[in-house]
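Beneath this line is the structure, given in structure tokens, with notes to follow.
Residue numbers (my numbering): 1 to 294.
What follows is the structure, encoded as structure tokens:
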């Protein structure tokens with residue numbers, strides 16, 4: 001029995017569309033967490049899969065960059081990148097290959113206002129002259145509760161000598177845990193050097209906070225049963241390390257030495273922990289956004 005020509009034509013169109021749908025670039029985005037405090041890093045991982053059936057090269061064109069994001073605040077307000085003219089090196093991709101890259105959205109876009117943001121990753125492929133986008137995801141920018149604030153001058157010999165920097169400790173509820181954050185900003189020009197988590201803290205137990213002779217900040221916080229974490233942050237917001245201590249009896253405390261250094265009294269050192277979120281200022285508008293696919 002012969003099939004009607006119209007039916008065959010419909011089948012042909014369907015197969016053609018199916019093949020076209022498969023010959024594309026799949027894009028997805030995932031977030032390490034959705035709730036952030038202002039000026040904190042917003043880490044997003046973008047996954048790109050080459051489903052075109054051939055080797056390709058993703059590269060910038062006159063139409064725009066091959067890699068970017070579409071970020072909208074509430075009310076569909078468009079959030080522009082800090083540097084709209086950034087340039088990325090071409091990215092060769094083999095057929096069927098999947099590549100993943102993580103970026104800090106707060107370093108690339110102005111996310112300083114409170115509210116909910118819609119985020120979508122966009123990949124432009126010049127070979128098809130079209131954009132491929134991920135499904136949108138959402139982040140919320142809020143603010144922690146300030147529990148301590150103090151100003152300190154930048155000493156001679158340090159970058160920004162003579163400026164005054166403001167140190168702030170904030171508490172932020174993340175699920176069932178309370179997280180302690182430190183923020184360092186320049187009171188003269190308003191720039192923010194870091195907003196970094198120092199880890200879990202126990203509610204109702206205020207941290208011991210002191211400056212050494214070079215105005216580096218030391219923060220001693222209770223993180224568990226008879227366990228404390230000692231964090232060190234430079235006057236310019238650099239994370240200098242974190243050490244864990246166990247306490248058999250009385251609560252430990254920080255004591256200033258005659259030379260201006262600080263010593264922890266009453267704790268037994270356990271291990272040195274690496275900073276989970278690197279601290280540092282967002283890149284300047286003229287700099288190439290860090291962490292993008294190479």
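We put the CB at the ideal spot given by N, CA and C, even for glycine.
Asked: Would a check of beta-carbon distances place residue 128 closer than 8 angstroms to chain C?; Found: The structure shown contains no chain C; it holds only a single protein chain.
Asked: Please report the distance separating the alpha-carbon of residue 221 from that of residue 207.; Found: 5 angstroms
Asked: Using 8 angstroms as the threshold, is the C-beta distance between residue 117 and residue 144 below it?; Found: no
Asked: Please classify residue 187 as buried or exposed, where buried requires at least 16 other C-beta atoms within 10 Å of its C-beta.; Found: exposed
Asked: Please list the terminal residues of the continuous beta strand (DSSP E) segment that includes residue 180.; Found: 177 to 186
Asked: According to DSSP, is residue 106 helix, strand or coil?; Found: helix
Asked: Applying the 10 Å Cβ sphere with the 16-neighbour rule, what's the burial state of residue 165?; Found: buried
Asked: Return the CA-CA distance between residue 185 and residue 51, expressed in angstroms with no decimal places.; Found: 45 angstroms
Asked: Which class does residue 129 belong to by DSSP, given the choice of helix, strand or coil?; Found: coil
Asked: How about residue 29 and residue 66: are their beta carbons less than 8 angstroms apart?; Found: no
Asked: With residue 210 and residue 256 assumed to form a contact (beta carbons below 8 angstroms), what rounded beta-carbon distance in angstroms separates them?; Found: 7 angstroms
Asked: Just checking my contact of residue 112 with residue 172 at CB under 8 angstroms: how many whole Å lie between their CB atoms?; Found: Contact flag wrong, Cβ pair sits at about 16 angstroms.
Asked: Whether or not the segment 225 to 243 and the segment 147 to 163 are in contact is what I'm after, with contact meaning three or more pairs of Cβ atoms, one per stretch, closer than 8 angstroms; do they touch?; Found: yes
Asked: With a threshold of 16 other CB atoms inside 10 Å of the CB of residue 240, please say whether the residue is buried or exposed.; Found: exposed
Asked: Rounding to the nearest angstrom, what Cα-Cα distance links residue 196 and residue 190 in this structure?; Found: 17 angstroms
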